[in-house]
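Counting from 1, one number per residue, gives the positions in the sequence shown under the working numbering. The beta carbon of each residue, even a glycine, is placed where N, CA and C say it ideally should be. Being a predicted model, the structure only gives us computed values, none of them experimental.
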Amino acid sequence: MSSTSTTPAGTPGHGTTTAEPGLDEETTTASLGRGEGTHTAGRGRDAMTTTETEAVVPGQGRDSQGRDTGTIRLGDRTRGEATDDTTRYAPEWLELREPVDAAARAAELLDPLRIRLANLPGRGGLVIHDLGCGTGSMGRWLAPRLDGPQHWVLHDRDPYLLHFAAVGSPRSAADGSRVTVETQRGDVARLTADALAGASLVTASALLDVLTPDEIEALAAACAGAGCPALLTLSVVGRVELTPAHPLDDEITAAFNDHQRRGDLLGPESINAACDAFARHGATVRVHPSAWRLGPDESALTAEWLRGWVGAAVEQRPELAARADAYLKERLAACEAGELNVVVHHSDLLALARPAGGA
1 MSSTSTTPAG
11 TPGHGTTTAE
21 PGLDEETTTA
31 SLGRGEGTHT
41 AGRGRDAMTT
51 TETEAVVPGQ
61 GRDSQGRDTG
71 TIRLGDRTRG
81 EATDDTTRYA
91 PEWLELREPV
101 DAAARAAELL
111 DPLRIRLANL
121 PGRGGLVIHD
131 LGCGTGSMGR
141 WLAPRLDGPQ
151 HWVLHDRDPY
161 LLHFAAVGSP
171 RSAADGSRVT
181 VETQRGDVAR
191 LTADALAGAS
201 LVTASALLDV
211 LTPDEIEALA
221 AACAGAGCPA
231 LLTLSVVGRV
241 ELTPAHPLDD
251 EITAAFNDHQ
261 RRGDLLGPES
271 INAACDAFAR
281 HGATVRVHPS
291 AWRLGPDESA
301 LTAEWLRGWV
311 GAAVEQRPEL
321 AARADAYLKE
331 RLAACEAGEL
341 NVVVHHSDLL
351 ALARPAGGA
């Protein structure tokens, strides 16, 4: 469970175009039950090993004939509903965190990314793979910041989230060019260069810290083999600042970080591991801070984050339960009173692989 996307356990281009070739069983890439809003899930990685390719769908608030369908409602799906042996995450949580994610992402990495994308050889438009897309917040943030026609391939295990990601996608790029999307559903932990053939960019949010070393290595190798840059945002780094301070802050933080490292997951060490992996494969790597800054205006998000953060710490160290319960009540009261400020530290990574063909 990442501090960037923690939910409490058990809570929370219009028209059509020819889709890019789907990913087959051997080369499927998907959310792995992870990514944006999925860090409390059981991995369930063998429950589904195939991909379903959905039809290309219109952009935000439009049907297939381009008619305005009004404001998209994310609904009130039951939190913790199980699907394919994976916890389903409430779109409300993803909606709640989206503006804070957008403010946190490192815009400083966009200029070097734009330069690379503008110099890709033989591209009629951008093809962008969004791994673990959730409800599509990365596309809504990034597509309007890039020029040129874009085709987004949205990957997630959850068809319910894929639906919202598709219908909520932006309709136009920064220069007014068309944006189209397709969805890919599946659950395979391996990504290959063949799966990324023709890709211009790989993106993800809150994904690296729920990957294993082998999975990060595979991601770096796939991007290198395809000559494809990667923009991987909002990876937890293990540091949280709460103001005013509390004697139990450090102990809760340490327990949460240990929860992040459960099994073979990298947790707070993921950003360094990813830098090393991409560099080994010849990429130029840049890292920039991307902290959540939560004050009184974000009290609803702060309260949900607190419940998940403390809950994960207690799950990791049950002996904390009694003290953590009192701590959580005190922190929630301060949050409700507008007296609590939180900084949740993350990092964004831009890896510029050598273009395919040696350009």
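Range covered by the alpha helix (DSSP H) that runs through H259: Counting along the chain, H259 sits inside the alpha helix (DSSP H) bounded by residues 249-260.
Distance between beta carbons of V344 and Y327, contact taken as under 8 angstroms: The distance from the Cβ of Y327 to that of V344 is about 17 angstroms, inconsistent with a contact at the 8 angstroms cut-off.
- prompt: Hey, L219 and A279: beta-carbon distance below 9 angstroms or not?
  reply: For L219 and A279, no; Cβs fall outside 9 angstroms.
message: Any beta carbon of chain C sitting closer than 9 angstroms to that of A254?
response: Looking for chain C here will not work: only one protein chain is present.
task: With distances taken Cα to Cα, identify the nearest neighbour of L162 among L120, R354, T183.
output: With distances taken between Cα atoms, L162 lies closest to T183.
- prompt: How would you label R307, buried or exposed, when you count the other beta carbons within 10 angstroms and need 16 or more for buried?
  reply: When all chains shown are included, R307 counts as buried.
field: Alpha carbon of E241 to alpha carbon of G139, nearest angstrom
entry: Their backbone Cα atoms lie some 29 angstroms apart in a straight line.
query: For N341, which residues of its own chain have a beta-carbon under 6 angstroms away from its beta-carbon, when the five flanking residues on both sides are left out?
result: So the list reads T243, G295, once near-sequence residues are dropped.
message: Using the three-state DSSP reduction, which class does P149 fall into: helix, strand or coil?
response: In the three-state scheme derived from DSSP, where H, G and I count as helix and E and B as strand, P149 is classed as coil.
task: If I'm right that L154 touches L117 with Cβ under 8 angstroms, what's the distance once you round it to whole angstroms?
output: Contact check for L154 and L117: beta-carbon distance about 19 angstroms, past the 8 angstroms limit, so the pair fails to qualify.
query: Are the CB atoms of T233 and R105 nearer to each other than 9 angstroms?
result: Yes; because the gap between Cβ atoms is below 9 angstroms, this pair is in contact.
query: Can you tell me where the beta strand (DSSP E) with G308 in it begins and where it stops?
result: Segment 299-316 is the alpha helix (DSSP H) holding G308; no beta strand (DSSP E) there.
- prompt: Using a Cβ-Cβ cut-off of 7 angstroms (strictly less than) and excluding sequence neighbours within five positions of E409, which residues of its own chain qualify?
  reply: Residue 409 cannot be examined here, being either before or after the span of the chain that is shown, 1 to 359.
query: Which of the three DSSP states, helix, strand or coil, is assigned to V344?
result: Correct three-state label for V344: strand.
task: Quick one: using the 10 Å Cβ neighbour count with 16 as the cut-off for buried, is A195 buried or exposed?
output: A195 counts as buried, since at least 16 other C-beta atoms from the protein chains shown sit within 10 angstroms of its C-beta.
message: Whole angstroms are fine: how far does the CA of P159 sit from the CA of E339?
response: A straight-line Cα-Cα distance of about 39 angstroms links E339 and P159.
message: For a quick check, are the C-beta atoms of A351 and G227 less than 9 angstroms apart?
response: In this structure, G227 does not lie closer than 9 angstroms to A351 by Cβ.
- prompt: According to DSSP, which residues form a beta bridge with A230?
  reply: The secondary-structure analysis by DSSP pairs A230 across a beta bridge with V202, A351.
message: Can you tell me whether G176 is buried or exposed? The criterion is at least 16 other CB atoms within 10 Å of its CB, across all chains shown.
response: Exposed, by the Cβ-count rule.
message: Taking 9 angstroms as the threshold (C-beta atoms), are L109 and H288 in contact?
response: Result yes, Cβ atoms of H288 and L109 sit closer than 9 angstroms.
query: With distances taken from CA atoms, which of S200, P144, R354, P213 is nearest V179?
result: Answer by Cα proximity: P144.
field: DSSP-derived helix/strand/coil call for D158
entry: Three-state DSSP puts D158 in coil, outside helix and strand.
- prompt: Beta-carbon separation of L126 and L201 under 9 angstroms?
  reply: Their beta carbons are under 9 angstroms apart, which means L126 touches L201 by this criterion.
task: Could you spell out where the alpha helix (DSSP H) holding P112 opens and where it closes?
output: Per DSSP, P112 belongs to the alpha helix (DSSP H) from 110-118.
query: What separation, rounded to the nearest whole angstrom, lies between the Cα atoms of G268 and Q260?
result: For the sequence presented, residue 268 should be read as Pro rather than Gly. Distance between the alpha carbons of P268 and Q260 is about 7 angstroms.
query: Just reading off the beta strand (DSSP E) that E182 is part of, what are its end residues?
result: The continuous beta strand (DSSP E) containing E182 extends over residues 179-185.
Selected residue, minimal CA-CA separation from N272, among C133, S235, L248: If we check each option's Cα against that of N272, S235 comes out closest.
field: Given H129 as reference, the closest of R286, T192, L301, A103 once Cα atoms are compared
entry: It is T192 whose Cα lies nearest to the Cα of H129.
field: Burial state of P8 (16 or more Cβ within 10 Å)
entry: With a pLDDT of only 35 at P8, under 50, the local geometry of the prediction cannot be trusted, and no value is derived from it.
- prompt: Straight-line CA distance for P121 to G134?
  reply: In this model, P121 and G134 are separated by some 31 angstroms (Cα to Cα).
query: Secondary structure at H407, three-state DSSP: helix, strand or coil?
result: Residue numbering for the chain in the displayed model covers 1 to 359; residue 407 lies beyond these limits and cannot be assessed.
message: Does the distance between the C-beta of V202 and the nearest non-hydrogen atom of the ligand MG fall short of 8 angstroms?
response: As far as ligands go, the structure on display features none, and thus does not contain the ligand MG.
- prompt: What residues in its chain sit with their C-beta under 8 angstroms from that of A324, if we drop five residues either side in the sequence?
  reply: In chain order, L248, I252, V310, A313, V314 place their CB closer than 8 angstroms to the CB of A324, counting only its own chain and leaving out the 5 sequence neighbours on each side.
- prompt: When the Cα atoms are used, what is the spatial distance from T284 to A353?
  reply: When rounded, the distance between both Cα atoms is 6 angstroms.
- prompt: In terms of residue numbering, what span does the alpha helix (DSSP H) encompassing V285 cover?
  reply: In the DSSP assignment, V285 falls outside any alpha helix (DSSP H) and within the unbroken beta strand (DSSP E) covering 284-289.
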